[in-house]
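Novice:
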């Protein structure tokens with residue numbers, strides 16, 4: 006449950022700072038999310 010909430014927070018930040026994240030390669034962004042998710 007806690008890991009899921011962390012991922013939701015990440016998605017919220019991705020939405021709030023969408024312009025910055027759009028400049029990132031989508032694959033890179035998924036890797037970053039996966040790293041944070043697996044480290045949580």
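Numbering (our numbering), first residue to last: 6 to 45. Quick reminder that beta carbons are idealized off the backbone N, C-alpha and C, glycines included.
Does the Cβ-Cβ distance between residue 42 and residue 21 come in under 8 Å?
Specialist: The residue you call residue 42 lines up with position 37 of the chain shown. The residue you call residue 21 lines up with position 16 of the chain shown. No, Cβ-Cβ distance for residue 42 and residue 21 is not below 8 Å.
Novice: Return helix, strand or coil for residue 22, following the three-state DSSP convention.
Specialist: Reading the chain shown from its first residue, position 17 is the one you call residue 22. Coil, per DSSP.
Novice: Rounded C-beta distance between residue 38 and residue 15? I'm assuming under 8 Å.
Specialist: For the purposes of this step, residue 38 is identified with residue 33 of the chain shown, where counting begins at 1. For the purposes of this step, residue 15 is identified with residue 10 of the chain shown, where counting begins at 1. Residue 38 to residue 15, Cβ: 6 Å. Contact.
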